[in-house]
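Here is the structure we will look at.
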Amino acid sequence: MVKKTEKGLYIKPIRSGTTIDHLPAGTALKVLKIVGKAENAITVAIRVPSRKLGVKDLVFVENKTLNEEQLAKIALIAPNATVNIIENNEVKQKIHLQTPKEVHGILECINPNCITNKENIPSKFYINEQGMAKCHYCERIMTREEYSVRIRV
Amino acid sequence: MLKGSGRKNFSFSLTDVVSISDFGRADIEAVLEKAAAMERMPREKKLKLLRGRAVASLFFEPSTRTRLSFETAIQNLGASVIGFADANVSSVKKGETLSDTIRVVSGYADIIIMRHYIEGAARLASEVSNKPIINAGDGANQHPTQTLLDLYTIKKAFGRIDGLTIGLLGDLKYGRTVHSLAQALSLFDNIKLAFIAPDELAMPQHIKERIAHKVSFEEHAELSSVLSELDVLYVTRIQKERFADPAEYERLKDRYVVDRKALQGAKETLKVMHPLPRVNELSYDVDSTKHALYFEQARNGVPVREALLVLLKDVRKW
Ligand SMILES: [Zn+2]
């Protein structure tokens, strides 16, 4: 992944940290929010050419690995993204993103009349194979597009 | 199997009645079987079933019909009722959280029936109460006892639910009653559903996806194109409050009027159902026909609710 990017020269490879590649165009800024807390250098590329996707976004975070919750959030937005952990200019680990089947306290319900938006209780959603999220409480169903902008960060 | 020998004693696996999505076929059959037993049982015997028990009836949103049906069931079983018919006159208005109200009431009551204007309220209540919760409607979300009484009504009228062709007519987009009913019917065998609605009020995609592999369905714009095949026609009201644009409501509200004339060409045995109250979509001239099943349907609310109370009376979740 790093090599390919080197050839393309859209984004400078990182020595160590995490690369998040093959993000659908338009999702980089959401991923950036999830990665958050910029004590680290972060490089973002938006709408760069991609053989796989036509155009894609990229986010490189230097000197940082992501925790489970951050990975789960990225999986919600971009289940087919490629996440690699880089050490000394090499891919040390490829992380397989998996859309969680159930998420707690991460998504906000789209339904303003949902009990989770009225009382202080953690939200709970079930994600099906098509990537639709169903609220455990009000049973409303959100598309990926709808819940991508409702991730608590 | 001979009629009448088909009692299988289905077991009821739920600790709360919150959503029809929680029900398996066996749970539904257990309720229908128990409701039939309630109807057969002598009054004096029924009065002993919940004697000495207290049932809470918490109507955070008023609904006279549903409340009377539940409270009749409670009294028929010899239990006492505590609660309120309108949250405006209760202490709930003073800002107590729902969780706290439910925790307190679960200390007094053996079963809690609740209706709330917030979606998901009943699910939350079921998580904080160690006594069973019966959802009598949570906003636009669920009203499972309506679905159960609908199924009971069909079963009683036809002796079965499997194999029937059932038309759902009216507001299929926003109507929670028809969503839940379609979902519940998909648990039965060889059901054919006909969704009869204008494009603007068509059955939502997510409901169709959920039932697609379990049941066959067709969509129709006109009742006449499917009427002759139907065993049941379930008519629903088009609700004004669902429309952002009043002009759209005016345009659609009388889109379907089910009257004697509209029912010409139906099977002799066709049954017309409606959750009531009705407006113009179901004409009074149908009332005296052999098709009308909706008053019977409303009456069936009582034995079905009695059945649920009996099935849940000894549940303690922790
Ligand atoms: Zn919700």
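Protein sequence lines correspond, in order, to chains P and C. The C-terminal position of the first sequence is numbered 153 in my numbering, with every residue numbered one higher than the one before it. The C-terminal position of the second sequence is numbered 1318 in my numbering, with every residue numbered one higher than the one before it. Just so you know, even glycine gets a beta-carbon here, dropped at the ideal spot from N, CA and C. On a predicted model such as this, the values are computed, not experimentally measured, just so you know.
- DSSP links Lys-1131 (chain C) through a beta bridge to no other residue.
- Annotation for Phe-1243 (chain C): no alpha helix (DSSP H) segment contains it, and DSSP assigns it neither H nor E.
- In this structure the stretch 1271 to 1283 of chain C touches the stretch 1245 to 1258 of chain C; the number of beta carbon pairs closer than 8 Å is three or more.
- In this structure, the alpha-carbon of Arg-1160 (chain C) lies about 10 Å from that of Phe-1188 (chain C).
- The three-state reading of DSSP puts Leu-66 (chain P) in coil, since its state is none of H, G, I, E or B.
- With a cutoff of 6 Å, Tyr-1152 (chain C) does not count as near ligand 1, since its C-beta is closer than that to no heavy atom of the ligand.
- Between the stretch 1172 to 1185 of chain C and the stretch 1018 to 1027 of chain C, the count of C-beta pairs closer than 8 Å reaches three or more; the two stretches touch.
- In this structure, the straight-line span from the alpha carbon of Lys-33 (chain P) to that of Phe-60 (chain P) is close to 13 Å.
- Looking at P:Ile-115, P:Gly-131 and P:Arg-144, the one whose alpha-carbon comes closest to that of Thr-1097 (chain C) is P:Ile-115.
- The alpha helix (DSSP H) runs of length 4 or more contained entirely in the stretch 1172 to 1234 of chain C are, from start to end of the chain, 1176 to 1185 and 1205 to 1212.
- Checking the 6 Å criterion, the Cβ of Asn-111 (chain P) is within range of a heavy atom belonging to ligand 1.
- Unbroken alpha helix (DSSP H) stretches of 4 residues or longer found wholly inside the stretch 1040 to 1109 of chain C: 1043 to 1047, 1064 to 1076 and 1098 to 1106, given in chain order.
- Rounded to whole angstroms, the Cβ separation of Val-1272 (chain C) and Ile-1154 (chain C) is 12 Å, and the two are not in contact under 8 Å.
- Here the stretch 1210 to 1224 of chain C makes no contact with the stretch 1044 to 1062 of chain C; the two share fewer than three CB pairs at distances below 8 Å.
- Comparing alpha carbon positions, the residue from C:Val-1302, C:Ala-1262 and C:Ser-1228 closest to Thr-1269 (chain C) is C:Ser-1228.
- Less than 7 Å divides the Cβ of Leu-1309 (chain C) from the Cβ of Leu-1077 (chain C).
- With fewer than 16 other Cβ atoms inside 10 Å of its own Cβ, Leu-1276 (chain C) counts as exposed.
- Counting of Cβ neighbours within 10 angstroms places Ser-1106 (chain C) among the buried residues, the total reaching 16 or more.
- Of the residues P:Cys-135, P:Pro-24, P:Arg-15 and P:Thr-19, the one whose Cα lies closest to the Cα of Ile-77 (chain P) is P:Pro-24.
- Distances from the CB of Tyr-1117 (chain C) to the heavy atoms of ligand 1 are all 6 Å or more.
- Sorting C:His-1291, C:Ile-1166 and C:Glu-1218 by C-alpha distance to the C-alpha of Ala-1262 (chain C) places C:His-1291 at the top.
- About 5 Å separates the beta carbons of Leu-1148 (chain C) and Val-1304 (chain C), which is inside the 8 Å limit, making them a contact pair.
- Residue range 1144 to 1158 is occupied by the alpha helix (DSSP H) that includes Asp-1150 (chain C).
- In terms of side-chain proximity, the C-beta atom of Arg-150 (chain P) is found no nearer than 6 Å to any non-hydrogen atom of ligand 1.
- With respect to the 7 Å criterion, Thr-18 (chain P) and Thr-82 (chain P) are not classified as neighbours on the basis of their beta carbons.
- Restricting attention to P:Asn-111, P:Gln-70 and P:Gly-54, the CA atom closest to the CA of Pro-79 (chain P) is found in P:Gln-70.
- According to the DSSP assignment, Gln-93 (chain P) belongs to the beta strand (DSSP E) that extends over 90 to 95.
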